[in-house]
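These notes are about the structure you will find just below.
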Amino acid sequence: MNKDTRILIVGAGCFGTSTAWHLSQRGYTSIRVLDRYPPPSIEAAATDISKIIRSDYNEPLYAQMGIESIEAWNSWSLFRGLYHVPGWILSAAKLSIPFVEGSIETCKRLGVQGIEALTPDQIRSRFPIVKGKLDGWNRSVWNPTAGWAAAGKAVERMAEAAQKNGVQYISGETKGYVRHLVLEDATGVCKGVTTADGINHEADLVILSTGAWTPSLIDLQGQMIAKGHGVAHIQLTPEEQKHYSTLPIMDNLELGYFFPPQADGVFKMAHSQFITNLQTDSTSGITTSIPHTFHQSPSDGLPLEIEAQMRRNLRRVLPELADRSFSFTRLCWDADTADRHFLITPHPHHKKLMLATGGSAHGFKFLPVVGKYIVDLLEGTLDPEIVQKWRWRPNQGVEAKNLAHIDPELELGDLTGWKGRQTRENDSLAKL
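Counting from 1, one number per residue, gives the positions in the sequence shown under the numbering used here.
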């Protein structure tokens with residue numbers, strides 16, 4: 001591929017921005033990134049106050065990528081001040097225990113130091129801030145090398161660095177919002193994209209890094225589905241922030257997870273069971289899950305069932321916070337593949353179109369390095385075993401025991417209380 005190849009990346013989240021940066025580092029000179037929002041894109045899965053950075057995987061590929069990424073988070077000046085290492089506890093109640101056990105074996109085999117299995121009593125002894133019974137935290141492992149990164153700020157910095165290298169970012173509700181691909185009728189070759197303002201953006205190569213929105217742009221033959229999970233914040237006082245500062249990251253793959261509080265006292269928690277929002281396209285008849293974000297629908301809120309489960313898990317760990325009001329909520333959407341491997345591959349039917357998506361709720365930690373792998377694929381140097389894992393693979397089965405999150409998804413339309421919730425609650429507060 002020539003260095004002056006016109007490359008158009010759709011999506012300015014983790015995969016798109018990492019790819020743009022690595023392309024610019026290798027001397028490519030014609031790179032454009034389109035997104036509805038400026039980086040960090042407000043609807044990208046990567047845009048958050050914190051994301052877990054870890055190497056705990058039962059799949060050696062991602063464990064090794066995690067180790068490589070942790071080294072970058074620790075050493076690159078680009079991310080200085082954004083990475084914190086309180087360590088984390090990975091746990092499972094029942095279904096995800098094989099993943100936890102496999103992660104222990106893989107990390108030890110790769111030389112990750114300090115990996116240690118802990119019982120609930122040992123967790124409470126080591127971290128006295130944890131007062132709950134930890135029921136459901138049945139198989140747990142401590143990894144002192146894991147941490148968290150200020151995710152949105154990290155993407156923003158990498159995008160700024162890419163722009164300094166000559167990458168052009170185009171954003172806006174009309175000029176950055178890609179409506180459809182431009183495909184030749186006879187050959188199916190991808191010639192570019194059309195944005196909401198009607199402009200055709202031509203390119204020699206189009207890379208779709210559109211995460212949960214990818215199935216709305218192209219038929220992926222069931223390889224990927226948009227899934228969301230509930231996120232909530234509790235605002236702590238300065239005294240409480242200091243009190244809970246010794247908390248590690250605590251992640252139960254079936255119940256939910258918690259972060260240590262931010263410097264401003266924001267305590268973040270999330271729910272581990274995923275949500276779909278199935279819609280049928282009136283033209284194609286294809287049914288797929290479409291992200292439903294609070295940015296697009298600011299009057300909506302968390303489903304009541306999700307909030308109840310989040311508070312139930314909080315009561316298992318930090319019962320004194322379980323009834324505190326939430327200061328912020330969102331549904332965080334990502335693109336899940338059936339086997340949780342990424343979908344990073346040339347499209348088999350549309351030449352000059354490449355997919356770089358399928359983060360499957362575990363992609364952000366690789367922000368420093370995933371673009372390197374994507375550019376290696378473009379240049380034909382990526383390890384064939386990785387090419388095989390990330391290939392186009394419709395109708396592929398998967399052994400559920402190998403996955404981290406295997407609870408059945410909940411359908412948004414079957415849940416209650418979310419539609420108009422923010423408006424109702426704001427109206428109630430205004431009457432006080």
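Every residue gets a Cβ at the ideal spot worked out from N, C-alpha and C, and that includes glycine.
Beta-carbon spacing of L8, V206 below 7 angstroms = Taking a C-beta distance under 7 angstroms as the contact criterion, L8 and V206 qualify as a contact pair.
Could you check what DSSP says for N313 in three-state terms: helix, strand or coil?
-> In this structure, DSSP gives N313 a helical state, which the three-state scheme calls helix.
Span of the alpha helix (DSSP H), counted from its first residue to its last, around T106 = Segment I97 to R109, the alpha helix (DSSP H) holding T106.
Okay, do the stretch 52-67 and the stretch 20-27 touch, 3+ Cβ pairs below 8 angstroms being the bar?
-> Output reads no: the stretch 20-27 does not touch the stretch 52-67.
Using the beta-carbon count (16 or more within 10 Å), is E71 buried or exposed?
-> With fewer than 16 Cβ atoms within 10 Å of its Cβ, E71 is classed as exposed.
Residue environment, N252, which counts as buried when at least 16 other CB atoms sit within 10 Å | Flag for N252 reads buried.
So E507 is in the beta strand (DSSP E); what residue range does that whole segment cover?
-> Examination of residue 507 is not possible in this model, given that the chain is present from 1 through 432 alone.
Indicate the three-state DSSP secondary structure (helix, strand or coil) for R80 in the structure shown.
-> Three-state result, R80: coil.
Do D135 and R316 have their C-beta atoms closer together than 7 angstroms?
-> Closer than 7 angstroms, so yes.
How many Å lie between N426 and A93 at the Cα?
-> Distance between the alpha carbons of N426 and A93: 36 angstroms.
Would the beta-carbon of V167 fall within 7 angstroms of that of A20?
-> Contact annotation: V167 and A20 have beta-carbon atoms nearer than 7 angstroms.
When the Cα atoms are used, what is the spatial distance from T5 to K352?
-> Each residue's Cα considered, the two are about 11 angstroms apart.
Look up A149 in the DSSP assignment and say whether it is helix, strand or coil.
-> It is a strand residue.
Assumed close pair S140, S91 - CB separation to whole angstroms, cut-off 8 angstroms = Between S91 and S140 the Cβ distance is about 4 angstroms, and since that is below 8 angstroms, they are a contact.
Uninterrupted beta strand (DSSP E) stretches inside the stretch 245-284 (no shorter than 3 residues) = Listed in chain order, the complete beta strand (DSSP E) runs (minimum 3 residues) inside the stretch 245-284 are 249-252, 256-258, 266-271 and 278-280.
Distance, Cα to Cα, L415 vs A335?
-> The straight-line gap separating the alpha-carbon atoms of L415 and A335 is approximately 21 angstroms.
Where the alpha helix (DSSP H) through N74 begins and ends = First-last of the alpha helix (DSSP H) with N74: P60 to S75.
Out of curiosity, what's the CA-to-CA distance linking Q279 and R393?
-> One alpha carbon belongs to Q279, the other to R393, and they sit about 23 angstroms apart.
How is W390 classed by DSSP in three states: helix, strand or coil?
-> W390 carries a coil assignment under DSSP once its states are collapsed to helix, strand and coil.
Taking Cβ positions, are G13 and A46 nearer each other than 7 angstroms?
-> Contact flag set, yes.
What are the start and end residues of the alpha helix (DSSP H) that includes E379?
-> Unbroken alpha helix (DSSP H) run through E379: V370 to E379.
Please say whether L82 and A481 have beta carbons closer to each other than 7 angstroms?
-> Any property of residue 481 remains undetermined from this structure, which presents the chain solely from 1 to 432.
What three-state label does DSSP hand A356 in the structure shown?
-> It is a strand residue.
How would you call K131, buried or exposed, if buried means at least 16 neighbouring beta carbons within 10 angstroms?
-> Burial call: exposed.
Work out the CA separation of F127 and L118 for me, nearest whole Å.
-> Straight through space, the alpha carbons of F127 and L118 are spaced by roughly 11 angstroms.
What's the C-alpha gap between Y373 and S209?
-> Spanning the two alpha carbons is a distance of roughly 14 angstroms.
Under the assumption that W418 contacts L314 (Cβ atoms under 8 angstroms), give the Cβ distance between them as a whole number of angstroms.
-> The C-beta distance from W418 to L314 rounds to 19 angstroms, too long to fall under 8 angstroms, and the pair is not in contact.
DSSP on R6, reduced to helix/strand/coil?
-> Coil, per DSSP.
With 16 as the cutoff for other CB atoms within 10 Å, does S282 come out buried or exposed?
-> Sixteen is the threshold: since fewer than 16 other Cβ atoms of the shown chains lie within 10 Å of the Cβ of S282, the residue is exposed.
Run through DSSP, which three-state label would I49 get?
-> Three-state DSSP puts I49 in coil, outside helix and strand.
Is there contact here, the stretch 323-337 with the stretch 221-230, by at least three beta-carbon pairs under 8 angstroms?
-> Enough Cβ pairs lie closer than 8 angstroms, so yes.
Cα separation between T194 and S30?
-> Roughly 18 angstroms separates the two Cα atoms.
Identify which residue in R311, Y37, S299 and W142 has its Cα closest to the Cα of G171.
-> The amino acid occupying residue 171 in the given sequence is Ser; Gly does not appear at that position. Minimum Cα distance to S171 is reached at Y37.
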